[in-house]
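Report on the following structure.
There are 2 protein chains.
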Amino acid sequence: LSRHAIELPVTADRAAAEPLSGQISGQLRAAIASGRLRAGERLPASRALAASLGVSRTVITAAYAQLYAEGWLDGRHGSGTFVADGVPDHAVAAGPVPVGHAAAGPQPGDATAPPPSRSSQTPSITADSGRPLASAVTPEGAIDLSPGMPWAAGIDPAAWRRAWRAAGAAAPAGQAGALGLPALRAGLAAQLRRHRGLLCGPDQILITSGVASGLRLVATALLRPGDAVAVEEPGYEKARAIFTACGARVVPCRADEDGLVTSALPAGARLVYTTPAHQYPLGGRLPVPRRQALIGWARSAGALIVEDDYDSEFRYDVAPLPALAGLAPDLVIHLGTTAKTLTPALGVGWLAARRDLVTALATAGAAASERTCEPAQHALAALLASGDLDRHVRRMSREYARRRAAIVAALGGLPAPARLLGGTAGLHVVLELPPGSAAPVAAAAAARGIRVDTLDHYFAGPPAVEGLVLGYGGVTLRQAETACRALREVVTSII
Amino acid sequence: LSRHAIELPVTADRAAAEPLSGQISGQLRAAIASGRLRAGERLPASRALAASLGVSRTVITAAYAQLYAEGWLDGRHGSGTFVADGVPDHAVAAGPVPVGHAAAGPQPGDATAPPPSRSSQTPSITADSGRPLASAVTPEGAIDLSPGMPWAAGIDPAAWRRAWRAAGAAAPAGQAGALGLPALRAGLAAQLRRHRGLLCGPDQILITSGVASGLRLVATALLRPGDAVAVEEPGYEKARAIFTACGARVVPCRADEDGLVTSALPAGARLVYTTPAHQYPLGGRLPVPRRQALIGWARSAGALIVEDDYDSEFRYDVAPLPALAGLAPDLVIHLGTTAKTLTPALGVGWLAARRDLVTALATAGAAASERTCEPAQHALAALLASGDLDRHVRRMSREYARRRAAIVAALGGLPAPARLLGGTAGLHVVLELPPGSAAPVAAAAAARGIRVDTLDHYFAGPPAVEGLVLGYGGVTLRQAETACRALREVVTSII
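In the order they appear, the protein sequences are chains A and B.
Taking this note's numbering, the leading residue of the first sequence gets 1, the next gets one more, and so forth.
Taking this note's numbering, the leading residue of the second sequence gets 496, the next gets one more, and so forth.
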């Protein structure tokens, strides 16, 4: 079977894990999810597609059957297979890309849509391995550099299947557990010890459905209406919104390139929300003296610290610092999530804290029916226990490092005061821009099919810095390169 | 293999689906989950247990391996297999019980704990199929008649495994979908049409993580602080708590044996929360004239109706009425959940509403990161598409009907004013009691190892009725019988 026949590269280790039909269904799924194949469009006949790809017809039939079972395709209306109505309404669910071959990974344009007519067509999944992949980015297929999206297509499908098989083998519980699945809490405690220098027992861990759910519990259980909460400025918009919705008073506290400016911590705050591993969005890693100052402040103010460790797993240039919670386990509520390491669609996160706080937070969660799917907890426990999650994070770190390097290469040498910030960790960088230029740059980029976030959304008050937030979790290396070349042109023409 | 060797009955259809090792791991899991096997306790040697049960040693090894993988058991400390530390903190996760054999289903006491000493022991999973099962309810194993727990052990393990296998085969999405998985929304739309007389398209359905999450979205998206919300009195405590936490003003509106008393609807309410299929907790089915009055009131008041359809699937004596939403799709937000049909541990529910409302609610959900595990949505879509969910609901309806009949038989003929209410649907009945007697009855029941809810928790104001809420979702038929015989004695001695 030649590379020529199928665009998804077949590597030795993946060929075993991912049958051909899975590669083909993955390409079709991506085409439907991205809108390149539209509802009602007819797919090539399985016989014709098989001939064109040089595979057996059963491979195609299996791929179609899988997509049919998933709801992407519609029953044969007598004369063929069609894209189902009502799909898609979510982002690209592309097939897996082996990280070592990112440049040859799936791209928009791998599969082109068969015309909507029902006449016999030559199959449209054609092979052209010599085609420059960047050209596959069509004008109508915008490149989305919004931050916060991980590359879920990089998840090894065999590992994913194994994890859910384990989840399905566990007997369903009759009610939600108070703290979450014991096996998952034990696995996370080991993980936090190993990777984040955080010593805590499984009884100090509460499973959540993600950082937002953890923040809701903190606000509900530990704050009274009107309590002041210090939040990094710029910072995580959703954290501000959740605290405000729960009746707290958000007090912005300045963050700079090194993270939270601890000398600016407000008097009277009951809680401070911070992202010490990788300040969101500026990208700084909170230096040790500031960590000590933050803890000293909290101790003397009788305040608690919420440490959002949202993407500590991905670091490139510098070694990670241990979690802040390790320095003051009595004062810090440590929040983690799989939204960046795996996908937000899993809906599993956790918090680690003092036992009495965990009890109070779990009680609040039960009262509000904040639920975390238990089979998903089984699946994550399996991914932890097998080492599959660690392997995935290592592979993705290499892949994200490549994308980041491409962005730095494209945007690194812009004339001052434009400059890149926060490129040492995480899934985004910030491109600082001169005053008055961020909005026009974003608009000009949008006109060229590139969606970027402006930094002003991250400020509660007047923005102290202007710039763009460029996420590279949801795009391929080539898309990142293409987008950043275009951005460079736009920026150079405007500033 | 004889019935004598294994306590979980092996029926023809289940023998194929549930291997012996699964039955044995299920019994052990239940023993650990219920606390009968405690952390650190040593399990029988696999060879000895195999000999005692008359099965091959590989069956036992497989059972231990499964529990080890799930985190219930700890690594061999050199000299055996032990119950892991940190388990359990949630309720009984018993093995599956074939519904047609409920009387012979798993019971506390099926597996007794091996002594904590490490000396060689005869295996403790012994067989005694002639033992009266009711006597297996040990004094320390309380019977929990709290409402709201379904019989998750009744889920067919083969169907459950198939559903999660389908979930694992779907490519993980890189971000949460706006409305939820298209295939699930299509399946639910068909289900609502078929079973609830509700005509709506998949684009009128929003996937939630359950009723509580739906209520949070409604409160966040559609209410302003201080808006009045009418809530049934007595009613769902959590609904009141959620509306209050979101800043709304809860106005109790009387409910009687027929459900919401529509003549008592308060002027000025922006929203009314109601459970027309089966009033929670009194159990009435809202009659058609009241349905019309409710809709008329909402239309003239410019208010919306939230219909919590939480356990409409289980009805015994009377035919279900179509959903209220079918009568006024423009005014009713219809909430559904799998928390009663399958298990709250799944964390998947839905709401159906007008398109503009669905858009507003989805926006609020995205802003709050209210997430529903996407693989769980795939699994539920598979259970719907295969008919497995329908089959499960039909089987459980028969099983619940049996338990309900046992309760009615035990408590039906009590002297007035004691009487049973709401026995025609759902997973609980209410035992009305004379003033001043509910608390002493509940306390005396607790002393006999029977946990029951008193009705006063369901009132926001002074309770207009006294009584007990007796849930039978989480207990076996025999446990229900045992508990209700004891309750009868307690009630007769007190009132």
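Heads up, the beta-carbon is just placed ideally off N, CA and C, and yes, glycines get one too.
Give me the Cβ distance between residue i and residue j, rounded to the nearest whole Å; I'm assuming they're in contact under 8 Å.
{"i": "Pro252 (chain A)", "j": "Gly461 (chain A)", "result": "6 Å"}
{"i": "Pro322 (chain A)", "j": "Arg196 (chain A)", "result": "6 Å"}
{"i": "Leu282 (chain A)", "j": "Leu421 (chain A)", "result": "6 Å"}
{"i": "Trp646 (chain B)", "j": "Gly968 (chain B)", "result": "6 Å"}
{"i": "Cys382 (chain A)", "j": "Ala50 (chain A)", "result": "Sequence check: residue 382 (chain A) is Ala here, not Cys. Not confirmed; about 35 Å, so no contact."}
{"i": "Ala171 (chain A)", "j": "Arg524 (chain B)", "result": "6 Å"}
{"i": "Ala385 (chain A)", "j": "Gly187 (chain A)", "result": "6 Å"}
Tell me, please, which residues DSSP counts as bridged to residue i.
{"i": "Trp350 (chain A)", "result": "A:Ile207 and A:Gly336"}
{"i": "Phe577 (chain B)", "result": "B:Arg537 and B:Asp569"}
{"i": "Pro771 (chain B)", "result": "DSSP lists no partner for Pro771 (chain B)."}
{"i": "Thr949 (chain B)", "result": "B:Leu963"}
{"i": "Glu374 (chain A)", "result": "According to DSSP, Glu374 (chain A) bridges with nothing at all."}
{"i": "Ile143 (chain A)", "result": "A:Ile450"}
{"i": "Asp308 (chain A)", "result": "A:Leu335"}
{"i": "Ala920 (chain B)", "result": "B:Arg810"}
{"i": "Arg419 (chain A)", "result": "A:Glu432"}
{"i": "Gly259 (chain A)", "result": "A:Asp256"}
{"i": "Leu766 (chain B)", "result": "B:Val724 and B:Leu799"}
Should residue i be flagged as near chain A, meaning a C-beta pair shorter than 8 Å?
{"i": "Ser1015 (chain B)", "result": "In the structure displayed, chain B extends from 496 to 990; residue 1015 (chain B) sits before or after that span and is not available."}
{"i": "Met644 (chain B)", "result": "yes"}
{"i": "Ala664 (chain B)", "result": "yes"}
{"i": "Gly521 (chain B)", "result": "yes"}
{"i": "Pro824 (chain B)", "result": "no"}
{"i": "Thr715 (chain B)", "result": "yes"}
{"i": "Ile790 (chain B)", "result": "no"}
{"i": "Arg524 (chain B)", "result": "yes"}
{"i": "Lys733 (chain B)", "result": "yes"}
{"i": "Glu727 (chain B)", "result": "no"}
{"i": "Cys477 (chain B)", "result": "Past the edges of chain B, shown from 496 to 990, lies residue 477 (chain B), and the structure says nothing about it."}
{"i": "Pro870 (chain B)", "result": "yes"}
{"i": "Ala862 (chain B)", "result": "yes"}
{"i": "Arg660 (chain B)", "result": "yes"}
{"i": "Ala599 (chain B)", "result": "With a pLDDT of only 31 at Ala599 (chain B), under the threshold of 50, the placement of this residue in the model should not be trusted; the figure read from the coordinates follows. No, Ala599 (chain B) does not count as interfacial toward chain A."}
Counting contacts by CB-CB distance shorter than 8 Å, is residue i in contact with chain B?
{"i": "Ala212 (chain A)", "result": "yes"}
{"i": "Gln175 (chain A)", "result": "yes"}
{"i": "Leu346 (chain A)", "result": "yes"}
{"i": "Leu20 (chain A)", "result": "no"}
{"i": "Gln121 (chain A)", "result": "Confidence in Gln121 (chain A) is poor, its pLDDT being 30 and thus under 50, which makes the residue's placement too unreliable to answer from."}
{"i": "Ala350 (chain A)", "result": "According to the sequence as given, residue 350 (chain A) is Trp; it is not Ala. No, Trp350 (chain A) lies away from the interface with chain B (no Cβ there is under 8 Å from its Cβ)."}
{"i": "Val475 (chain A)", "result": "no"}
{"i": "Thr343 (chain A)", "result": "yes"}
{"i": "Ser397 (chain A)", "result": "no"}
{"i": "Pro281 (chain A)", "result": "no"}
{"i": "Thr372 (chain A)", "result": "yes"}
What residue does the alpha helix (DSSP H) around residue i start on, and which one ends it?
{"i": "Pro645 (chain B)", "result": "Run containing Pro645 (chain B): none; DSSP gives neither H nor E here."}
{"i": "Leu188 (chain A)", "result": "Pro182 to Arg196"}
{"i": "Glu728 (chain B)", "result": "Run containing Glu728 (chain B): none in the alpha helix (DSSP H); it sits in the beta strand (DSSP E), Ala723 to Glu728."}
{"i": "Gln974 (chain B)", "result": "Leu972 to Ile989"}
{"i": "Tyr236 (chain A)", "result": "Taken as a continuous stretch (DSSP letters only), Tyr236 (chain A) belongs to no alpha helix (DSSP H), as it is neither H nor E."}
{"i": "Arg161 (chain A)", "result": "Pro157 to Ala169"}
Since residue i is in the beta strand (DSSP E), which residue starts that stretch and which ends it?
{"i": "His428 (chain A)", "result": "His428 to Leu433"}
{"i": "Arg254 (chain A)", "result": "Arg249 to Asp256"}
Check whether the Cβ of residue i lies closer than 7 Å to any heavy atom of the ligand HEM, and answer yes or no.
{"i": "Leu271 (chain A)", "result": "This structure simply doesn't include the ligand HEM, nor any ligand for that matter."}
> Would you call the stretch 460–476 of chain A and the stretch 427–437 of chain A in contact, with 3 or more CB pairs under 8 Å?
Replying inline: yes
>> Below 8 Å, how does it come out for the stretch 667–679 of chain B and the stretch 937–952 of chain B: are there three or more Cβ pairs, yes or no?
In response: Contact between the stretch 667–679 of chain B and the stretch 937–952 of chain B is absent: fewer than 3 CB-CB pairs across the two stretches fall below 8 Å.
> Per the contact definition of three or more C-beta pairs closer than 8 Å, is the stretch 761–777 of chain B in contact with the stretch 712–727 of chain B?
Replying inline: Below 8 Å, enough C-beta pairs join the stretch 712–727 of chain B and the stretch 761–777 of chain B to call them touching: three or more.
>> If contact is defined by three or more beta carbon pairs under 8 Å, each pair taking one atom from either stretch, is the stretch 325–332 of chain A in contact with the stretch 297–313 of chain A?
In response: In this structure the stretch 297–313 of chain A lies against the stretch 325–332 of chain A, because at least three pairs of beta carbons, one per stretch, are closer than 8 Å.
> On the three-pair Cβ rule with 8 Å, is the stretch 402–418 of chain A touching the stretch 200–214 of chain A?
Replying inline: no
>> Check whether the stretch 388–404 of chain A and the stretch 340–352 of chain A are in contact - that is, three or more C-beta pairs closer than 8 Å.
In response: yes
> Hey, is the stretch 370–377 of chain A in contact with the stretch 348–359 of chain A, meaning 3+ C-beta pairs nearer than 8 Å?
Replying inline: Yes, since at least three Cβ pairs between the stretch 370–377 of chain A and the stretch 348–359 of chain A fall closer than 8 Å, the two stretches touch.
> So does the stretch 658–667 of chain B actually touch the stretch 851–864 of chain B, counting three or more Cβ pairs closer than 8 Å?
Replying inline: no
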